[in-house]
Structures are given as structure tokens and as C-alpha cells.
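Take the sequence shown: its letters are residues 2 to 637, numbered as in my numbering. These notes concern the structure reproduced below.
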Amino acid sequence: MNGESSAGIDELELGNEADPRSFAQILVDNAIDRVFTEELASECWGRQLTVVLEVPNEQWSERAIARIAETVRAAAVSGGEIKGHLRPYTFRRKPSLQTRPTDDALAIEMLNAVGHGRSIIGVFSPSSAPLPLLTDRPDVHLETGRPSRSDIARAVQTATDQILDPDALPPLDGGDLDGLALAVRPRASAAETCSRLFALARPPIFDEDVPDLRDFAAFGEARAWGLTVLRAIERIKSGDPTAGMNDLPRGVLLVGPPGTGKTLFASALAKTLGINAILTSASEWLASGDSHLGAVVKAMRTSVEQARSRRPCILFIDECDSIVDRDLERGDSVSWWVNFVNAVLTAVDGAVRNRGVILIGACNNMSRVDPALRRSGRMERVIELGLPTECEREAILAHYLKGVIDPASVATLARRSEGRTGADLERAVREAKAAAADAERQILLRDLVEVLFPKSHAGESSRHVAAHEAGHAVTAVLLGVEVRQVDLRGFTRLTNSALQTREAIAKHLTVLMAGRAADEILCGTAVSGAGGSAQSDLGLATKLSSIGHAALGFGSTLRYRAAIDGAAALIETDPAFARLVERDLQAALRRARRLLLRHKNALKAVAVRLEAEHFLDGDQVAQLVRDNQGARSWII
């Protein structure tokens, strides 16, 4: 080791040469040649460099050393003469439980080699023992990456003369040299090799809580789109000559509030298709490297490259509204955002051009997403994911409960849980299971009820809430407005109806003010529940009356004064307008009070039942009204 002043070519014993026709060696050779070129090897002879080469795993290490030996040997001779006098010190770092470099003989040898003027070339795999002395600060850092399907097909052809279509191959782990070598046999036909490669391809493993879209009646339009993708992939797998990767959609943008299942849908689609999914987010990229543009772009490109290397694959990008519309940016940050968005668009284009990458974006606010990201060929379709319907809630609960609660009870829970997101329901099942586990028993219906419908009101407060919500519900039934559900947590849900006439607005104002009227009738005084926010009864009634007067021509004048969103603001600047709105609200309160006094028995019955059961559906409310004097017709 100590200071060879010259070295003949015969002395270069760097690794063991492999059979040049070996498929595995050819695959490694091609990967090494892309990064460790003869020019770089020549520099290692002529200069003193430190080089770190990272390979996918230990299966690659010894073969990588063999190829490096050939390249170094070839670079040693230029024009028939020996080039250089001190051969590079080349090694592969083996796995070890000992990680302290001070106790490491290899580290000592490496330092001796450096002291005698030699270049250092180290091959590392993810399981290699650490050697920070070299890996922290090399002159040259190289990575082979995992071979793509095109790389595998090229190596198969070189080793066996079999011609395979890369796009017809399944997603393969290019790092599994032994498995690939067993599947690729020189005397086999191309069809046999392709069949063995499909057998080698393992489907990705998904958590059992990730649903299969074929058996999961949720996600609405997104599910229908996903099943269309499934049928296209099944045609490709069946060998249909008219089907190809070009038939797959390029991408979709899922839009919806938090908790509606955008990320879960991407995983569910991947599970349904039996392909990989790369799940990332724009905020994850933006958090890289203290938001330095180079680090952010590198993080983004890494995600895209992962998807390309695993085709067919889903690339899911959450929080796409963080990839903001460049035209909305102002000030010093404009240049940064323009460069970032341009880099994203370039990377996305490269991904979707590689047939088999399915792009799924997700956001809460589509108006902030750069329009270029939504054009054809990128996220070319927009699908809204809203709150789940009753049928979808039933499917979600049934999926997570896995039969431990009877179907009738699941259906009841689904009916009562309107307004909950899929994430809310999943969390409820998880917490109910935890409560049952703490009690060392099977989950029961009451566990879910306690999580989904906590008793947030007690005593006098509970009676006030029941009276208030009963006022809304009974008035709605009497006026022919469909009630969907009433909940003791403080809300009454009605079927949405278009407020296209003066009478429809007056009827809706009466329902909104009926909670306050019921407070007065059953509790003796008005309570604070009718107000407090823009979404309260008083807030909504004020806005609705303002819209009728200022935007729809339903007041004393036909004059258009404001858009729907700005109508209520006139109250602050126009006292006469404020008096018109106040008159409407007082009139609606009087109508509600008269109506509920005529049907006080029904009001009491609904309030008592609601306080006892915490929840009533529309049919139950209507039946209670009929059973207590009947619902009389009433004209505003």
C-alpha cells in the first residue's frame, strides 16, 4: 500500500471481472457508465480526487467495483502509454455494525492512500457503514439511481438478443439484480421473459384502511373517473392491440375543503390499479432548504423523477394552490415565483410525456392555482370533492367498521352525520375503537354515538337549544320547506331551494327568525343563540333581506344597488336601507311567533324529543307535527 511510485496495468486488481454476457452485469455497467465516465477515470489518474459513488443496494456494489476497475484500466492507457503514476485507491464500503471511523481500518488505509498522493474512489450502498470522512465532502458525488424499464429492456437485448417493449413491462425494482437475473434467461423467448418479469413485479402494499374504489361507493365523480382509468389499464394488460399508455388520462385536479378525501382518493386509486403512488405536496417542496429556489426546485424534481422511475405510477401533488398564479404575485417575490412555477410546469410536462404517469393535483382554492397547471395535457380535468352524501357516509363508515356494527345502525349513523367529512368519520371510528379497546371489549354503537354526537349542552342550556332548533324545524314543516335533520348540537339542515321569488325569501326569513320566536314561547325570553356571527340566524336573515332589497328588486324599489356579496354592507352607510332590513326581520319574527303559538303543542313535542334523542330526521319532525294538531296551511 505504501507509496507505489508506478503501477503497471497488470497490477490493477480492482474487483472481479464478470461474464460480459451477464444480464445483471450489463445492467450495472450501463448505469455506471452514465456517471463514472472514462474522462473522470482519467482525471483520477492525472489529479488527486475523492469520488463517492452511490448504488441502490449491496447487490450492486461488487459489480460496480468490477466496472469501475475496467474503466480505470482503460483510462490508464492513452495512445499505448501508461497514463499516470499513482493508481486510484478504489474500494466498496461494506455494511457494518461498527460506525465509528476512529476504529475503522479502511478509514486508516484511505488516509494513507491520500497521504501518498492517490485518488480515492468509494462505492457506497444505503446499508454501507458510515464513513463521513469521505462522504461528507467528496470532490465528486455520483448516484446511479435505479434503472428504468427502458434500461432493463436495453440490458435484456444486449444479454439475450430479446427485444422487449419498455412500455409493456410492469413496474420493476431495478435494484433487485438477483431477481431480475433469474427472470432474464438467455435461451428463453421474449414472451417468456416478459411473463417472468410480470411475475417478479410485486404490487405495492397498501394499508388495509385504504379502500378499493371498486367496492367503495364514495368520491362521486372522482370515483367514476378512477374506474375509467382502471378499465383503460385492464385493456392494456389484456394485450388489446388497440389499447396503449396513450389512452391513460394525463391528469386531474381535485378541489374541495379539507377532510374530503383528496389524498385518500389518490391512494385508493393506486390500490385499485395495483400501481405505485408518489404522494407529495407543494408545501413540502417549499419547505426545502429554507425556501432557497434551488433547493425547492430540487425537491420538486425528485418527486417527479420518483414517479417517472416507477411507471405506471400516480404522482399526487397536494396543496396545488401553493403553486400560485404568477399573475397574482407582486413585489420582490415575482421573479422567484415565476421561476418556481416555470420549473414545476417543465417537470410536469416531462412526467406526463412519459406515458404511464397519472398526475393528480389537489387544492382547497382553485382560483389561486396557476392556470397553466390546469391546461390540457397537465391537470386537464377539474373534479370537485364535496361533503359526502348519506350513501357515501354509509359506505365510509361500513369500510372502516368492517362489519363490527350491524348495517341498520351504520345506516342510522350515516343519516345522522350530515355535514361530516370522510376524515371526520374515519377519526370517529378510530376514537370509538380506542375507547372500546381501553374498556377491553368490542366496539359498540354507543361508542360511535358518543364521538359523533357529543353532549355539548346540558341542563338549562340543553332545553334552550332544543327549543330554538325545534322552532326552526316546526316552522319549516308548516311552510312546506323540507327538513333534512335537526341536531341538539345547534343546527337544523333544510333542503336547499332557490330563492327566486319575494314569497320564497319571506318564507325563508320566517324560518330563520323562528328560533328566536321559539325561545320566547318556550323559554320565556330570547337567548343569544340567534346571533353572534355572520352565519348565525340574524346574520343570514340580515344578508337575505339586504339581497332582496339591493340586488333582486324585491323591496319597495326596482333599483339595483349592489351585488349579492356586497348588499349587506349598505346597512353601515345607508340608515334608510337599514330601516328596511329591520322592518323585514321584525315582520318575519312576528309571523314566526304567530305560527308557533298556533302550533305550540307540536313545538313542545319536537323540543322534548330532540332534547331526549339529540337528533331527529325530517320524517320524524313531520310526523310529530302531524301527531300534534296537524300541520295547518299558512299563507304569508
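No residue lacks a Cβ here, since even glycine has one placed at the ideal position from N, Cα and C. In this text, all values refer to a predicted model and were calculated from it rather than measured experimentally.
Mapping DSSP to helix, strand and coil, what is residue i?
i      : result
GLN486 : strand
LEU316 : strand
PHE266 : helix
ARG311 : coil
PRO102 : Confidence at PRO102 is low in this model, with a pLDDT of 44, below 50, so the placement of that residue is unreliable and no value is reported for it.
ILE69  : helix
ALA414 : Going by the sequence as given, residue 414 is Leu instead of Ala. Three-state DSSP puts LEU414 in a helix.
PHE92  : strand
GLY118 : coil
VAL297 : helix
VAL325 : strand
VAL405 : coil
For residue i, which residues of its own chain have a beta-carbon under 8 Å away from its beta-carbon, when the five flanking residues on both sides are left out?
i      : result
GLY357 : ASP168, MET246, LEU249, ARG312, PRO313 and CYS314
LEU143 : VAL36, PHE37, VAL52, VAL53, LEU54 and GLU55
ARG485 : GLU419, ARG494, LEU495, THR496, ASP618 and GLY619
CYS195 : LEU165, ALA169 and LEU170
ARG503 : GLY549 and PHE555
Let's see if you can read the secondary structure: which residues bound the alpha helix (DSSP H) around residue i?
i      : result
TYR401 : 391-402
ILE121 : Careful: ILE121 lies outside any alpha helix (DSSP H), inside the beta strand (DSSP E) at 121-125.
ASP585 : 576-599
LEU30  : It should be noted that the sequence gives Asp, not Leu, for residue 30. Element bounds for ASP30: 24-36.
THR493 : That residue, THR493, is in no alpha helix (DSSP H); its beta strand (DSSP E) goes 492-495.
PHE341 : 335-354
ASP618 : ASP618 -> not in any alpha helix (DSSP H); beta strand (DSSP E) instead, spanning 616-618.
ASP152 : 150-161
SER129 : Run containing SER129: none; DSSP gives neither H nor E here.
THR194 : 191-201
ARG503 : 503-519
CYS45  : 39-47
Would you give the residue range spanned by the beta strand (DSSP E) that residue i belongs to?
i      : result
THR281 : 277-282
GLY260 : Looking at the DSSP string, GLY260 is not in any beta strand (DSSP E), and its letter there is neither H nor E.
GLY180 : Per DSSP, GLY180 belongs to no beta strand (DSSP E); it is in the alpha helix (DSSP H), 178-184.
GLY362 : 358-364
HIS142 : 141-144
VAL528 : Unbroken run through VAL528: none, as it is neither H nor E.
VAL211 : Per DSSP, VAL211 belongs to no beta strand (DSSP E) and is neither H nor E.
VAL52  : 51-55
LEU231 : Counting along the chain, LEU231 falls outside any beta strand (DSSP E), though it belongs to the alpha helix (DSSP H) covering 221-238.
ILE384 : 382-385
Compare the Cα-Cα distances from residue i to each of the options and report the closest residue.
i      : options                           : result
LEU316 : LEU280, ASP322 and ASN340         : LEU280
ILE548 : ILE506, GLU573, ARG580 and ARG517 : ILE506
ALA467 : HIS509, THR303 and ALA518         : ALA518
ASN497 : GLY481, ASP488, LEU489 and ARG490 : GLY481
GLN624 : GLU432, ALA551 and LEU479         : LEU479
TRP338 : LEU611, ASP628, ILE361 and TRP286 : TRP286
LEU388 : ILE444, GLY257 and HIS400         : GLY257
LEU386 : HIS400, THR422 and ALA399         : THR422
PRO133 : ALA114, ARG94 and PRO148          : ARG94
ASP425 : ARG610, GLY533, GLY47 and THR261  : THR261
ASP326 : VAL345, ARG309 and LEU539         : VAL345
GLU40  : PHE24, ALA76 and LEU50            : ALA76
THR558 : ARG215, ARG376, PHE578 and VAL430 : PHE578
ALA606 : GLU470, SER546 and LEU446         : GLU470
ILE153 : ASP140, VAL141, THR145 and LEU173 : LEU173
ARG155 : GLY175, ARG442, ALA436 and THR390 : GLY175
ASN31  : SER151, ALA218, SER129 and SER284 : SER151
ASP585 : SER239, LEU553 and THR543         : THR543
CYS45  : ASP628, PRO89, ARG215 and ASP179  : PRO89
Short of 6 Å in beta carbon distance, which residues of its chain neighbour residue i, apart from the five on each side in sequence? Order them along the chain.
i      : result
ASN366 : ASP322
PHE199 : PRO171
GLY491 : VAL466
HIS615 : PHE454 and LEU489
VAL528 : HIS465 and ASP520
PHE266 : PHE220 and ALA223
Tell me which same chain residues have a C-beta within less than 7 Å of the C-beta of residue i, skipping the five on either side of it?
i      : result
HIS473 : THR493, VAL512, ALA515 and GLY516
LYS434 : ILE444
THR159 : ILE27
LEU360 : ARG251, GLY252, LEU316, VAL349, ALA352, VAL353, ARG379 and MET380
MET301 : TRP286, ALA344, VAL345 and ALA348
LEU135 : THR51, VAL53, MET111, ILE121 and GLY123
LEU541 : LEU513
Next on the checklist: Threshold first: 4 residues or longer. Then list the alpha helix (DSSP H) segments lying entirely within the segment 420-475, N to C.
Outcome noted: Every alpha helix (DSSP H) stretch that sits fully inside the segment 420-475 and reaches 4 residues is listed by chain position as 423-439 and 446-453.
Item to check | 3 or more residues per run - each beta strand (DSSP E) lying fully within the segment 527-569 | outcome: Taken in chain order, the segment 527-569 contains no complete beta strand (DSSP E) segment of 3 residues or longer.
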